[in-house]
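A.B. asks:
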Amino acid sequence: MGYQKVYDSWKDDPEGFWMNAAGAIDWVSPPSKALFDENAPIYEWFSDGLVNTCWNCVDRHVKAGRGDQIAIYHDSPITNATKGITFAELQNRVATLAGALRAKGIEKGDRVIIYMPMIPQAVEAMLACARLGAIHSVVFGGFAANELAVRIDDAQPKAIIAASAGLEPGRVVHYKPLLDRAIEQAKHKPDFCVIFQREEEVANLIEGRDVSWYGFQYGVEPVDCVPVEGNHPAYILYTSGTTGQPKGVVRPTAGHLVALAWSMENIYGIGAGDRFWAASDVGWVVGHSYICYGPLIVGAQTVVFEGKPIGTPHAGVFWRTIQNNRIKSFFTAPTAIRAIRREDPDGEYIRRYKLHDLQALFLAGERADPETIKWAQEHLGVPVIDHWWQTETGWAIAANPLGIEEMPVKLGSPTVPMPGYDVQVLDEGGNPVAAGTLGAITIKLPLPPGTLSGLWNAEDRFRKSYLSRFPGYYETGDAGYLDEDGYLYIMARTDDVINVAGHRLSTGAMEEVLARHPDVAECAVIGVSDALKGQAPVGFLCLKKGSRNPPEQVERDVVAMVRDEIGPVAAFRRAIVVDRLPKTRSGKILRATMADIADGKDYRMPATIEDPAVLDEIADALKL
1 MGYQKVYDSW KDDPEGFWMN AAGAIDWVSP PSKALFDENA PIYEWFSDGL
51 VNTCWNCVDR HVKAGRGDQI AIYHDSPITN ATKGITFAEL QNRVATLAGA
101 LRAKGIEKGD RVIIYMPMIP QAVEAMLACA RLGAIHSVVF GGFAANELAV
151 RIDDAQPKAI IAASAGLEPG RVVHYKPLLD RAIEQAKHKP DFCVIFQREE
201 EVANLIEGRD VSWYGFQYGV EPVDCVPVEG NHPAYILYTS GTTGQPKGVV
251 RPTAGHLVAL AWSMENIYGI GAGDRFWAAS DVGWVVGHSY ICYGPLIVGA
301 QTVVFEGKPI GTPHAGVFWR TIQNNRIKSF FTAPTAIRAI RREDPDGEYI
351 RRYKLHDLQA LFLAGERADP ETIKWAQEHL GVPVIDHWWQ TETGWAIAAN
401 PLGIEEMPVK LGSPTVPMPG YDVQVLDEGG NPVAAGTLGA ITIKLPLPPG
451 TLSGLWNAED RFRKSYLSRF PGYYETGDAG YLDEDGYLYI MARTDDVINV
501 AGHRLSTGAM EEVLARHPDV AECAVIGVSD ALKGQAPVGF LCLKKGSRNP
551 PEQVERDVVA MVRDEIGPVA AFRRAIVVDR LPKTRSGKIL RATMADIADG
601 KDYRMPATIE DPAVLDEIAD ALKL
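Heads up: the sequence shown runs through residues 1 to 624, numbered per UniProt numbering.
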């Protein structure tokens, strides 16, 4: 069946569609039905089934005779270490770690915070929690102590699993002192901490609280998987956006398994024995869904990569990793491709490596501008698929489903909604808008399996944040439109739609124009306060390496381009060349924070910012 028939089959019989998809999962006790709607608008999926995530990721593949196949491949260009771990080895490691955790008192429903870099032990810790039915909460390694403390107080973990250090190009990030300060600041205290000592830094252990990774596993008996109910939380993942108290997104177990299994086959075209790589971090939702769980659920090989798209050691490290691991499907953030393009605009590094096995590049996490997609298409010669989803949804809302059919690509669109997602574009009054009209992107309830069931200990906040503005719909917080063919376009966060003299304009549309300049590698447009027009757009540009034109000329060029292509209504008169843009560690540009700086407002330093010094550079650029 093609996409439309698959999507229509879901719409015609959602219950049957998802019960059929549930057949891809091993159940201890199958669910009696798919959707449980007794507490609408809070919905649950497969609630009365019994299942275990770790079994589905590890044990069943060993039982099926695939224990000698590689499950995890660790590639660290920082340490020059590479290592493959088979499913059988992974089973033994995870079962032993789970046994050690149980011996220290960890049981079903207990929370465990994981604070680790991109090493296989991070994935093993996640799976060990899942084996016991414990609820893990992974916090990005190296997060500031006060931010970690906030998460400790909210999740109230019985244990914390951490590494002594993380590695960045040219430096060691000392995790243990950050962890110690966080526990000191937090009101809640964990019963114990497990510390994985890295060769690059051996941390001091606090007697009576800290145990070493290997030491506390010595002589421990491996344990079997613990069945949990379908609605049992698999994990809590905190998402703060750029401001405010972090929100603990809760992912129910059964829906998570069913949705990820469906997505691996139908979106990414990946099955047992295939090699899949998501170049992200386990601290983000991509790392949860498509480094740890998704590939392993279907029995594919996953890659744990400790490096950067540039600088470890060069702009060809992604292509080298794809060549050496014979990756079939690759997933990264548009910002990573833009960074590579800026360093290697002619794609010279790509030509150095043999990418014969690569069948597709998937992009998500930040809007994929058409120029970045065209560059990747030209130099890689494979489908370049922008797809759109959120921490809250856990898997793609809209995508080009290569496992079903390769649909025509429309630059700037993540293609079409996936089964389970009834995407509607509404005006401010909650009314559907015509095709091609900008509005708030919403999803008609219920959300599909694999999406959040709520926020940890914050049901009122969940309702207020996502369900209250448009009753009967989930509010995504993104603005965009559907075209006549049903293709979705994500143009900006709702807050980034600016009002210029009464005209609602998309900053994303302006960014598309700026990105077409041959010297522009990356850009962002924000709205700043204007006494006459309400708001006025300002563009920030990062230039490609070896740019031939002076910055002042590029600034003049893009102002003229916006005037020509969007018109005087945009009132686009100012563009500023900067060395870099402020981003989160996951690659999202901090447009709202930039706008606060431009307007002279007080702002809270985003917890997820990659380099706080960039904000000072933006402030200085705005003064000129």
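Note that beta-carbon positions come from the ideal geometry of N, C-alpha and C, so glycine has one too.
1. CB-CB under 7 Å to G241, same chain, minus the five flanking residues each way: which ones, in chain order?
2. What whole-angstrom Cβ distance do G133 and S289 have, given they're in contact under 8 Å?
3. Which residue spans inside the region 313 to 361 form an unbroken alpha helix (DSSP H) run of at least 4?
4. Is the separation between the beta-carbon of M418 and that of I267 shorter than 9 Å?
5. From P471 to T437, what does the alpha carbon distance come to, in whole angstroms?
6. Taking the Cβ atom as the reference point for each residue, do I566 and I597 lie within a distance shorter than 9 Å?
7. Go through its chain and collect everything with a Cβ distance to G439's Cβ below 6 Å, but skip five positions before and after it.
8. Within its chain, find whatever has a CB closer than 8 Å to the CB of G269; leave out the 5 residues flanking it on each side and keep chain order.
9. To the nearest angstrom, how far is the alpha carbon of E89 from that of T53?
10. Skipping 5 residues on each side, what residues in its chain have a beta carbon closer than 6 Å to that of I161?
11. From D281, G539, E147, Y214, pick the residue whose C-alpha is nearest to that of L178; which is it?
12. Nearest-angstrom Cα distance between L167 and I78?
13. Closest to H188 by CA distance: which of K544, I152, F87 is it?
14. Would you mind reading off the limits of the alpha helix (DSSP H) that contains V559?
15. So the beta strand (DSSP E) W277 belongs to, where does it begin and stop?
16. With a threshold of 16 other CB atoms inside 10 Å of the CB of V384, please say whether the residue is buried or exposed.
17. So what's D602 in DSSP terms, helix, strand or just coil?
18. Below 8 Å CB to CB, which residues in the same chain sit around L380 once its five sequence neighbours on both sides are set aside?
19. Find out if the Cβ-Cβ distance for the pair A40, L447 is shorter than 9 Å.
20. Measure the C-alpha to C-alpha separation of N20 and K623 and round it to an integer number of angstroms.
21. Should S32 go down as buried or exposed, given a rule of 16 or more other Cβ atoms within 10 Å for buried?
22. Quick one: what does DSSP say E184 is sitting in, helix, strand or coil?
23. Would you decide whether P550 is buried or exposed? Buried here means 16 or more other CB atoms lie within 10 Å of its CB.
24. Grab me the residues of Y487's own chain with a C-beta within less than 7 Å of its C-beta, minus the 5 sequence neighbours each way, in chain order.
25. Between the beta-carbon of A575 and the beta-carbon of L541, is there less than 9 Å?
26. Tell me the DSSP secondary structure of M491 in three-state form.
27. Where does the unbroken beta strand (DSSP E) through H256 begin, and where does it stop?
28. By Cβ distance, which residues of its chain are closer than 6 Å to M561, with the 5 residues on each side in sequence left out?
29. Given a cut-off of 9 Å, decide if A95 and R60 are closer than it, judged by their beta-carbon atoms.
30. Could you have a look at T243 and say whether DSSP puts it in helix, strand or coil?
31. Could you tell me which residues DSSP puts in a beta bridge with S76?
32. Using a Cβ-Cβ cut-off of 8 Å (strictly less than) and excluding sequence neighbours within five positions of R66, which residues of its own chain qualify?
33. At what residues does the alpha helix (DSSP H) containing Q91 begin and finish?
34. What are the boundary residues of the beta strand (DSSP E) that C193 is part of?
C.D. replies: Checking against the coordinates, here is how it stands:
1. The residue you call residue 241 lines up with position 241 of the sequence shown. Residue placement at G241 is flagged as unreliable, the pLDDT there being 47, under the threshold of 50; a coordinate-derived value is accordingly withheld.
2. Here residue 133 refers to the residue found at position 133 when the sequence shown is read from its first residue. Here residue 289 refers to the residue found at position 289 when the sequence shown is read from its first residue. No, G133 and S289 are not in contact; Cβ-Cβ is about 20 Å, not under 8 Å.
3. 317 to 325, 334 to 343
4. The residue given as residue 418 occupies position 418 in the sequence shown. The residue given as residue 267 occupies position 267 in the sequence shown. Yes.
5. Your numbering for residue 471 matches position 471 in the sequence shown. Your numbering for residue 437 matches position 437 in the sequence shown. P471 and T437: Cα-Cα distance of roughly 21 Å.
6. To locate residue 566, count along the sequence shown from 1; it is residue 566. To locate residue 597, count along the sequence shown from 1; it is residue 597. It is not a contact, given that the beta carbons lie outside the stated cut-off.
7. The count along the sequence shown starts at 1 and reaches residue 439 at position 439. Excluding residues within five positions, the ones whose Cβ falls inside 6 Å are V425, L426, D427, V433.
8. Here the question's residue 269 lines up with position 269 in the sequence shown. Counting only Cβ-Cβ distances below 8 Å, and skipping sequence neighbours, we find K328, S329, Q359, A360, L402, G403.
9. Counted from its first residue, the sequence shown places residue 89 at position 89. Counted from its first residue, the sequence shown places residue 53 at position 53. In a straight line, the C-alpha of E89 is about 17 Å away from that of T53.
10. As a first step, residue 161 is located in the sequence shown; it is residue number 161 there, counting from the start. Around I161: I114, A125, V194.
11. Position 178 of the sequence shown, counting from 1, holds the residue named residue 178. Considering only alpha carbons, the answer is E147.
12. For this step, residue 167 is matched to residue 167 along the sequence shown. For this step, residue 78 is matched to residue 78 along the sequence shown. Straight-line Cα distance between these residues: approximately 7 Å.
13. Within the sequence shown, the letter at position 188 stands for residue 188. Relative to the Cα of H188, the nearest Cα in the group K544, I152, F87 belongs to I152.
14. Position 559 of the sequence shown holds residue 559. Its alpha helix (DSSP H) spans residues 551 to 565.
15. Numbered from its first residue, the sequence shown carries residue 277 at position 277. W277 -> beta strand (DSSP E) spans 275 to 278.
16. The count along the sequence shown starts at 1 and reaches residue 384 at position 384. So V384 counts as buried.
17. The count along the sequence shown starts at 1 and reaches residue 602 at position 602. The answer is coil: DSSP assigns D602 none of H, G, I, E or B.
18. Here residue 380 is taken as the residue at index 380 of the sequence shown, counted from 1. Cβ neighbours of L380 beyond the five flanking positions: I350, L355, L358, L361.
19. Within the sequence shown, the letter at position 40 stands for residue 40. Within the sequence shown, the letter at position 447 stands for residue 447. Here A40 is not near L447, since their CB atoms are 9 Å or more apart.
20. For the purposes of this step, residue 20 is identified with residue 20 of the sequence shown, where counting begins at 1. For the purposes of this step, residue 623 is identified with residue 623 of the sequence shown, where counting begins at 1. K623 has its alpha-carbon roughly 59 Å from the corresponding atom of N20.
21. Position 32 of the sequence shown, counting from 1, holds the residue named residue 32. With fewer than 16 other Cβ atoms within 10 Å, it is exposed.
22. On the sequence shown, residue 184 is found 184 positions in, with the first residue counted as 1. Of the three classes helix, strand and coil, the one that applies to E184 here is helix, per DSSP.
23. The sequence position of residue 550 within the sequence shown is 550, counting from 1. Flag for P550 reads exposed.
24. On the sequence shown, residue 487 is found 487 positions in, with the first residue counted as 1. Around Y487: K410, S413, T415, V416.
25. Your numbering for residue 575 matches position 575 in the sequence shown. Your numbering for residue 541 matches position 541 in the sequence shown. Going by C-beta atoms, A575 is nearer than 9 Å to L541.
26. Taking the sequence shown and counting its residues from 1, one reaches residue 491 at position 491. The answer is strand: DSSP assigns M491 an E or B state.
27. Indexing the sequence shown from 1 puts residue 256 at position 256. Segment 253 to 266 is the alpha helix (DSSP H) holding H256; no beta strand (DSSP E) there.
28. By 1-based counting over the sequence shown, the position of residue 561 is 561. Taken in chain order, the residues that qualify are V513.
29. Walking along the sequence shown from the start, residue 60 turns up at place 60. Walking along the sequence shown from the start, residue 95 turns up at place 95. Not a contact, by the Cβ cut-off of 9 Å.
30. Here residue 243 refers to the residue found at position 243 when the sequence shown is read from its first residue. Residue confidence for T243 is low, a pLDDT of 41 falling below 50, so the modelled location carries little weight and cannot support an answer.
31. By one-based count along the sequence shown, residue 76 stands at place 76. Beta-bridge pairing links S76 to A81.
32. Along the sequence shown, read from residue 1 onward, the residue named residue 66 stands at position 66. The residues F87, A272, G273, G299, in chain order, have a CB closer than 8 Å to that of R66 in the same chain once the five nearest residues on each side in sequence are set aside.
33. Here residue 91 refers to the residue found at position 91 of the sequence shown. Unbroken alpha helix (DSSP H) run through Q91: 87 to 103.
34. Indexing the sequence shown from 1 puts residue 193 at position 193. Residues 192 to 196.
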